[in-house]
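**Student:** For the sequence shown, this note's numbering gives the first residue as 3, with consecutive numbering after it. Below is a structure I'd like to ask you about.
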Amino acid sequence: MRIIVTGATGFLGRDVVRRLASEHEVVAVGGRHPPPGGVALDLRRPGVWRPLLDNWRPDWVVHLAAYREPDFCEEHPDETRALNTAPVVELMRELPSSSRALFVSTDYVFDGEHPPYHEDSPRHAVNVYGQSKIEAEDAVLARPDSIVLRIPLLVGSGPTFESSGFLYQIVGALRSPAPQTADAVLRRFPTWIRDVAEAISFLIARGFAGIIHYSGAEAMTRYDMIRSAAAVLGLDARHIRPSTDVVPRRAARPRDSQLATDRIRSLGFARFTPFAEVVRSFADDFPEAMAGSR
Ligand SMILES: NC(=O)c1ccc[n+]([C@@H]2O[C@H](COP(=O)([O-])OP(=O)(O)OC[C@H]3O[C@@H](n4cnc5c(N)ncnc54)[C@H](OP(=O)(O)O)[C@@H]3O)[C@@H](O)[C@H]2O)c1
């Protein structure tokens, strides 16, 4: 099959391209940066889809490109809709009936007050980011053969140690000797980017249609993740204390937006890599940066 992947230069997109390219012809689309062998396109520009779709005639469009930093989105609501929503509406208008779309959404479409959330649970976002994804989901779901895949907090290795998001931040906190506190309130479900790439490949191969949730299986606060990473890496975490004060941020966060995974499990998908194993893999990916740990 021929598959267009947007957001191909992003944290998740790189692994999705790698996984899908092992079986399919992939057209990788970046934003500011062209991915290796792919193209860079500003998807906020109206009219951008038609030539792309005419040129490549894809079987699938896997749409990942988005602003995903909730505080940025809260401060830039128009800009957020210009990337997270408007291009999705245009994609669904332009997509020929011979092509299908898989859209990656978020657990932040839920308010976090009534977990766990199933695919048909009512959506209610507490921030601009979540709302922009709800509006995009609606456009995608207007075509019943589409997939909306909701995922929570992603962890894994970026192209460099410093661009490895959450795990890089955690190692930084562990290595800094200054006394610190870490959030012990918000329950997150850290989910490995490689598992998500595998889930996307699985759903496409199954020809699934509709809404589906995928999530790591362990509920962890930021404090829990720090403790777990410290144990794996052999680093001291005694200078970090749990905090039950919710730190005020620009964008509100759901307290616990756990995604129920019964549906994807019932389809036969069974890959749920534990957080400690993800940390081990991260350390293996960056041996020089991690020297002195473990
Ligand atoms: N990261 C998480 O924890 C998380 C959790 C739940 C859901 N998600 C969803 O998963 C998807 C991928 O997230 P991610 O973490 O991989 O995001 P990311 O690392 O921030 O990557 C964003 C991607 O979007 C592209 N992009 C940005 N502006 C663009 C524009 N104007 N036109 C075209 N492309 C543009 C970027 O390309 P350039 O860098 O080349 O500009 C990059 O490839 C998103 O839809 C996000 O909402 C992520």
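Beta carbons: idealized from backbone N, C-alpha and C, even for Gly. Computed from a prediction, not measured in an experiment: that's the story for all the values here.
1. Nearest-angstrom Cα distance between W62 and L22?
2. Measure the alpha-carbon distance for D80 versus H65 and round it to whole angstroms.
3. What is the DSSP secondary structure of F105, reduced to helix, strand or coil?
4. Please classify P89 as buried or exposed, where buried requires at least 16 neighbouring CB atoms within 10 angstroms.
5. How many angstroms separate the CA atom of W51 from the CA atom of A272?
6. For H65, which beta-bridge partners are listed by DSSP?
7. Using 8 Å as the threshold, is the stretch 150 to 163 in touch with the stretch 203 to 222, meaning 3 or more CB pairs across them?
8. Taking 8 Å as the threshold (C-beta atoms), are V28 and V41 in contact?
9. Given S245, which residues of its chain have a CB within under 7 Å of its CB, disregarding the five upstream and five downstream residues?
10. Would you mind reading off the limits of the alpha helix (DSSP H) that contains L169?
11. According to DSSP, what are the bridge partners of A30?
12. Please find out if some non-hydrogen atom of ligand 1 comes closer than 7 Å to the beta-carbon of V154.
13. Using a 10 Å radius around the Cβ and a threshold of 16 neighbouring Cβ atoms, would you call S230 buried or exposed?
14. Following a CB-centred definition, is D44 positioned closer than 7 Å to any heavy atom of ligand 1?
15. Do you know how far the Cα of R196 is from the Cα of L169?
16. Could you tell me if the beta carbon of L188 falls within a distance shorter than 7 Å of some heavy atom in ligand 1?
17. Could you tell me if D122 is buried or exposed, where buried requires 16 or more neighbouring beta carbons within 10 angstroms of its beta carbon?
18. Have a look at V142 and F105 and give me their C-alpha separation to the nearest angstrom.
19. With respect to the beta strand (DSSP E) encompassing S245, which residues constitute its N-terminal and C-terminal limits?
20. Could you name the residues of the same chain whose beta carbon sits closer than 8 Å to that of L176, not counting the 5 residues immediately before and after it, in chain order?
21. Report yes or no: do three or more beta-carbon pairs, one from the stretch 259 to 269 and one from the stretch 111 to 130, lie closer than 8 Å?
22. Counting beta carbon pairs with one atom in the stretch 131 to 139 and one in the stretch 67 to 81, are three or more of them shorter than 8 Å?
23. Can you tell me the Cβ-Cβ gap for P60 and I6, rounded? I've got them flagged as a contact below 8 Å.
24. Can you give the beta carbon distance from R102 to D147, rounded, assuming they're within the 8 Å contact cut?
25. Compare the C-alpha of N129 against each of E220, Y69 and W194 and name the closest.
26. Would P160 and F277 be called neighbours here (beta carbons separated by less than 8 Å)?
27. Is A221 a contact residue of ligand 1, with contact defined as CB to any heavy atom under 7 Å?
28. For the stretch 93 to 138, list the beta strand (DSSP E) runs that are entirely contained and at least 3 residues long, ordered along the chain.
**Tutor:** For this structure:
1. 11 Å
2. 20 Å
3. strand
4. buried
5. 35 Å
6. F105
7. yes
8. V28 sits away from V41, with the two beta carbons spaced by 8 Å or more.
9. T183, A184, D185 and A186.
10. G167 to R177
11. V7
12. The question names Val, but residue 154 is Pro in the sequence shown. The answer is yes for P154.
13. buried
14. Answer for D44: yes, Cβ within range of ligand 1.
15. 15 Å
16. Using a cutoff of 7 Å, the CB of L188 does not count as near ligand 1, since none of the ligand's heavy atoms is closer than that.
17. exposed
18. 7 Å
19. I242 to S245
20. I228, A231, A232, L235, L237, D238, A239 and I242
21. They touch, by the three-pair rule.
22. yes
23. 5 Å
24. That pair is a contact at about 5 Å.
25. Y69
26. Going by the sequence as given, residue 160 is Gly instead of Pro. Result no, Cβ atoms of G160 and F277 do not sit closer than 8 Å.
27. no
28. 102 to 108
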